[in-house]
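**Student:**
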Amino acid sequence: MTRKWWLSSWLQQLVFTGPATAAFAIIVLLPFFLGMYYAFTDWNGVADTASFVGFDNFKAAVQDEGFRNSFLFTAKLTAAAVILTNVLAFLLALLLTQPLRMRGALRTVFFLPNVIGGLLLGFIWQFIFVKGFAAIGTATNWHLFNLPWLGDESTSFWAIVIVSMWSGAGYLMVIYIAAMINVPKELNEAASIDGANALTRLRHITLPLVMPAITIGLFLSLSWSFKAFDVILSLTKGGPFNSTQSVALNIYAEAFQNNRYGLGTAKALIFFLVVAAITTVQVQLTKKREVQA
Amino acid sequence: MKTINRTLRARTWTLEGAAVLLALVFLVPFYFLLVNSVKPYADILLDAAALPKALNWHNYSKAFDVMNFPRAFRNSFVITVSSILGLTLFGSMAAYRMVRKPNLYNRILFAVFVAAMVIPFQSIMIPLMKVGSWFHLVNSIPGIWVCYIGFGSSLTIFLYHGFVKSIPLEIEEAAVVDGCSPYGVFWRIVFPLLKPMTMTIIILNSLWIWNDFLLPQLMLSRAGLRTIPLSTFSFFGQYTKQWDLALAGLVMGVLPIVLFFLFLQKHIIEGITAGSVKG
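Chains as they are written, first to last, in the working numbering: chain A, 8 to 300; chain B, 1428 to 1706.
1) Under three-state DSSP, which class holds A:F47?
2) Near B:W1484, what residues of its chain come up, given a Cβ to Cβ distance below 8 Å and the 5 sequence neighbours on each side ignored?
3) Comparing C-alpha positions only, which one of B:K1480, B:F1457, B:F1537 and B:F1660 sits nearest to B:M1585?
4) Quick one: is A:V282 near chain B, going by C-beta distance under 8 Å?
5) Run through chain A and tell me which residues come within less than 8 Å of B:Q1665, C-beta to C-beta.
6) Please return the same chain residues whose Cβ sits closer than 7 Å to the Cβ of A:S58, not counting the five positions on each side in sequence.
7) Determine the contact status of B:I1576 and A:A30, defining contact as a CB-CB distance below 8 Å.
8) Are the CB atoms of B:P1609 and A:Q19 nearer to each other than 8 Å?
9) Taking only the alpha-carbon atoms, compute the straight-line gap between B:K1705 and A:G224 and give it to the nearest angstrom.
10) What separation, rounded to the nearest whole angstrom, lies between the Cα atoms of A:G124 and A:I212?
11) If we ignore side chains and look at the alpha-carbon of each, how far apart do B:L1621 and A:T9 end up?
12) Cβ of B:Y1523 less than 8 Å from any chain A Cβ?
13) Among A:I167, A:L229, A:T56 and A:S174, which residue has its Cα nearest to the Cα of A:R89?
14) Quick one: does B:R1450 have its CB under 8 Å from some CB of chain A?
15) Starting from the N-terminal side, write out each stretch of the alpha helix (DSSP H) that is 4 residues or longer and does not extend beyond the segment 226-275 of chain A.
16) Examine chain A for any beta-carbon lying closer than 8 Å to the beta-carbon of B:T1439, and answer yes or no.
17) So does the segment 1463-1477 of chain B actually touch the segment 157-166 of chain A, counting three or more Cβ pairs closer than 8 Å?
18) If contact means a Cβ-Cβ distance below 8 Å, which residues of the segment 1669-1688 of chain B contact chain A?
19) Along chain D, in chain order, which residues have C-beta atoms closer than 7 Å to that of B:C1574?
20) In whole angstroms, what separates the C-alpha of B:A1469 from that of A:F140?
21) What's the C-alpha gap between B:I1636 and B:L1689?
22) For B:G1680, tell me which candidate among B:D1639, B:F1540 and B:A1445 has the shortest Cα-Cα distance.
23) Using Cβ-Cβ distances below 7 Å, what residues of the segment 1467-1480 of chain B are close to chain A?
24) In chain order, what residues of the same chain lie with their CB nearer than 8 Å to the CB of B:K1489, ignoring the 5 residues before and after it?
25) What number of angstroms, rounded off, separates the C-alpha of B:N1632 from the C-alpha of B:T1583?
26) Which value, in whole angstroms, describes the spacing of the CA atoms of A:N121 and A:G175?
27) Pull up the distance between the alpha-carbon of A:F152 and that of B:P1456, whole angstroms please.
28) When you compare the CB of A:I169 with every CB in chain B, is at least one pair closer than 8 Å?
29) Within the continuous alpha helix (DSSP H) that includes B:C1574, where are the two ends?
30) Could you tell me the boundaries of the alpha helix (DSSP H) in which B:M1544 lies?
31) How many Å lie between B:P1643 and A:L280 at the Cα?
32) Candidates A:A32, A:P26 and A:A68: which alpha carbon is nearest A:T272's?
33) For chain A, check one thing: does any of its Cβ atoms lie closer than 8 Å to the Cβ of B:L1582?
34) Express the C-alpha separation of B:V1541 and B:I1571 in angstroms, rounding to a whole number.
35) Mind checking who A:F59 pairs with in its DSSP beta bridge?
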């Protein structure tokens, strides 16, 4: 009896959790641990053998100027994109929680860019920056549109920020709208009777109460920008002169173009540690500031 | 009172105007994309902002053939739909078991699934190629299907886990008393109750898988298996700066997912709200 029960319990465990666990173990866990091993070898990706080289790959990664620059670029991009995308999303959400007639249609428009995947997004914007902006520049004579977008380092940087905002703001806006709708009306009405103006109410009522949504918004946009790959590949290919090469692109190039898989996995491990650390710290920090209504 | 009303109305109109203006700015890229996709190449060079003189559908038929659009669409469709079916089924089953049998093993398993959400794809893609060749997952649709189940299961299980907890146990107990097997309880009673979360999971995963580029780029090198992002990428490689064809190709590439969004937008926006309320 107990033996039969035990068997059927394990069969159930296997049927229910088996398929997901097996796929997850092969696709995520195995490569993850394998990567930790390869990072200490001179594996070239093709050979079956790889010899142990200790911390050489990590030393080489830290000394690699291209890798350091890619971190610097990714950090700058993340800072600019996270702040600007969240500010834009927050403003859009504020706007769309007002009693506007075209609220539904506006929400659709602002969200729409988000469904376009990174690769196609980059190609579309490549056209806008190269041909579209030039056409606007000719028509209006505004200096801003006559700049060599994608042609030099600083404009390429801002081009990527603009595309990130265009595609990410709508998604974050949806999250902010959901949070703002849940702010109790009575709080704003009471504060308004007490003479608080719109800005004071925003700062002391709305902002603290939507803090959980801001945590999510920061978390999401942080991870989008930090892992940026597709959109940069199709928009600038990391150029000009590798100035817009993100960490992800650098790792990809190291492994699949230079065929230095050992070095590539060492870089990937460093990348993982940084991403894990940043997200943990960021979630902890923002969580502290959340309040209950 | 009247003046207050009037200022209030003026304020709303100003806001409405500002919002519409912003929306137009958001739509400008779509304008450029659509308008230039039906122009001959010379007209694009002449003035990209102008409306087309005539509708030149030739761009579309050429891009359609070069990209082998029906094949790319079919590949994207098969991969996305089959992966979603797998993720929904396996993810909900695993999450259900983990909630209902919270023994040490299952608690550790759940913790590992959740912790793995911080692993960026790019940090494991290199050894994944090795694993892929060991298990014969490269250049095969079932192979990439296994990859999507593996990568998607963390978030899927995490979301289902939270939702299963809110389902009262009494319903299941009643079914067991009536002679329902554990599998029947899940399939006939629990799974239908998970429907709101299933919608969210379908939406989040379909946007991700349909638009994914890097994993298919690594796993599917054979031309016959190219998805829409892959065929767009190789199309651009061949026709660099041939904007007339490239834009038509882009419009076709973007169209399916845009239509999907426009038809299901209510569910999509709800799904995203529900899916993001975590942590």
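Every residue, glycine too, gets a C-beta built ideally from N, C-alpha and C.
**Tutor:** Per the coordinate set shown:
1) Along the first sequence, read from residue 1 onward, the residue named residue 47 of chain A stands at position 40. Reduced to three states, the DSSP call for A:F47 is coil.
2) Counted from its first residue, the second sequence places residue 1484 of chain B at position 57. Excluding positions up to five away in sequence, the list reads V1465.
3) For the purposes of this step, residue 1585 of chain B is identified with residue 158 of the second sequence, where counting begins at 1. Note on identity: in this sequence residue 1585 of chain B is Phe, with Met being the wrong assignment. Checking every option, the nearest Cα to that of B:F1585 belongs to B:F1537.
4) The sequence position of residue 282 of chain A within the first sequence is 275, counting from 1. Output row for A:V282: interface = yes.
5) Numbered from its first residue, the second sequence carries residue 1665 of chain B at position 238. In chain order: nothing, as chain A lies at least about 13 Å away.
6) Locating residue 58 of chain A in the first sequence gives position 51, counting from the first residue. If we look at A:S58 and ignore the five residues flanking it on each side, its Cβ neighbours are T48 and D49.
7) For the purposes of this step, residue 1576 of chain B is identified with residue 149 of the second sequence, where counting begins at 1. For the purposes of this step, residue 30 of chain A is identified with residue 23 of the first sequence, where counting begins at 1. Against a cut-off of 8 Å, the Cβ pair of A:A30 and B:I1576 comes out as a contact.
8) By 1-based counting over the second sequence, the position of residue 1609 of chain B is 182. By 1-based counting over the first sequence, the position of residue 19 of chain A is 12. A contact, by the Cβ cut-off of 8 Å.
9) Position 278 of the second sequence holds residue 1705 of chain B. Position 217 of the first sequence holds residue 224 of chain A. Annotation note: pLDDT 47 at B:K1705 (below 50); position unreliable, coordinate value reported separately. When rounded, the distance between both Cα atoms is 11 Å.
10) Mapped onto the first sequence, residue 124 of chain A falls at position 117. Mapped onto the first sequence, residue 212 of chain A falls at position 205. Each residue's Cα considered, the two are about 36 Å apart.
11) For the purposes of this step, residue 1621 of chain B is taken as the residue at position 194 of the second sequence. For the purposes of this step, residue 9 of chain A is taken as the residue at position 2 of the first sequence. Cα to Cα, the separation comes out at about 32 Å.
12) Within the second sequence, numbered from 1, the residue matching residue 1523 of chain B stands at position 96. Taking Cβ atoms only, chain A reaches closer than 8 Å to B:Y1523, which makes this a yes.
13) What you label residue 89 of chain A is simply residue 82 of the first sequence in a count that begins at 1. Residue 89 of chain A is actually Val in this sequence, not Arg. Checked all of A:I167, A:L229, A:T56 and A:S174; the closest Cα to A:V89 is A:L229.
14) One-based indexing of the second sequence puts residue 1450 of chain B at position 23. Checking the displayed sequence, the identity of residue 1450 of chain B turns out to be Ala instead of Arg. B:A1450 counts as touching chain A.
15) 237-242 and 254-263
16) Here residue 1439 of chain B corresponds to residue number 12 of the second sequence, with the count starting at 1. It does; some Cβ of chain A falls within 8 Å.
17) no
18) Those residues of the segment 1669-1688 of chain B that come within reach of chain A (Cβ to Cβ, closer than 8 Å) are W1670, A1673, L1674, L1677, G1680, V1681, I1684, V1685, F1687 and F1688.
19) Annotation note: the requested chain D is absent from the structure, which comprises protein chains A and B.
20) Your numbering for residue 1469 of chain B matches position 42 in the second sequence. Your numbering for residue 140 of chain A matches position 133 in the first sequence. Those two C-alpha atoms are separated by around 17 Å.
21) Position 209 of the second sequence, counting from 1, holds the residue named residue 1636 of chain B. Position 262 of the second sequence, counting from 1, holds the residue named residue 1689 of chain B. For B:I1636 and B:L1689, the distance between alpha carbons rounds to 18 Å.
22) To locate residue 1680 of chain B, count along the second sequence from 1; it is residue 253. Closest option to B:G1680, Cα to Cα, is B:D1639.
23) I1471, D1474, A1475 and A1476
24) Locating residue 1489 of chain B in the second sequence gives position 62, counting from the first residue. Once the five neighbours on either side are set aside, the close Cβ partners of B:K1489 are L1672 and A1675.
25) Here residue 1632 of chain B corresponds to residue number 205 of the second sequence, with the count starting at 1. Here residue 1583 of chain B corresponds to residue number 156 of the second sequence, with the count starting at 1. Spanning the two alpha carbons is a distance of roughly 9 Å.
26) Mapped onto the first sequence, residue 121 of chain A falls at position 114. Mapped onto the first sequence, residue 175 of chain A falls at position 168. Taking the straight line joining both Cα atoms gives about 6 Å.
27) Translated into positions along the first sequence, residue 152 of chain A becomes position 145. Translated into positions along the second sequence, residue 1456 of chain B becomes position 29. Answer to the nearest angstrom: the Cα atoms are 14 Å apart.
28) Residue 169 of chain A sits at position 162 when you count from the first residue of the first sequence. Cβ-Cβ to chain B under 8 Å: no for A:I169.
29) On the second sequence, position 147 is the one that residue 1574 of chain B refers to. It spans I1568 to V1591 - the alpha helix (DSSP H) in which B:C1574 sits, taken as one unbroken run.
30) Taking the first residue of the second sequence as 1, we reach residue 1544 of chain B at position 117. Careful: B:M1544 lies outside any alpha helix (DSSP H) and carries neither H nor E.
31) Working through the second sequence from its first residue, we reach residue 1643 of chain B at position 216. Working through the first sequence from its first residue, we reach residue 280 of chain A at position 273. Taking the straight line from one Cα to the other gives about 25 Å.
32) Translated into positions along the first sequence, residue 272 of chain A becomes position 265. Comparing Cα-Cα distances from A:T272 to each of A:A32, A:P26 and A:A68, the minimum goes to A:A68.
33) As a first step, residue 1582 of chain B must be located in the second sequence, where it is residue number 155. Not one chain A Cβ lies under 8 Å of B:L1582.
34) As a first step, residue 1571 of chain B must be located in the second sequence, where it is residue number 144. As a first step, residue 1541 of chain B must be located in the second sequence, where it is residue number 114. For B:I1571 and B:V1541, the distance between alpha carbons rounds to 22 Å.
35) Working through the first sequence from its first residue, we reach residue 59 of chain A at position 52. A:T48, per the DSSP bridge assignment.
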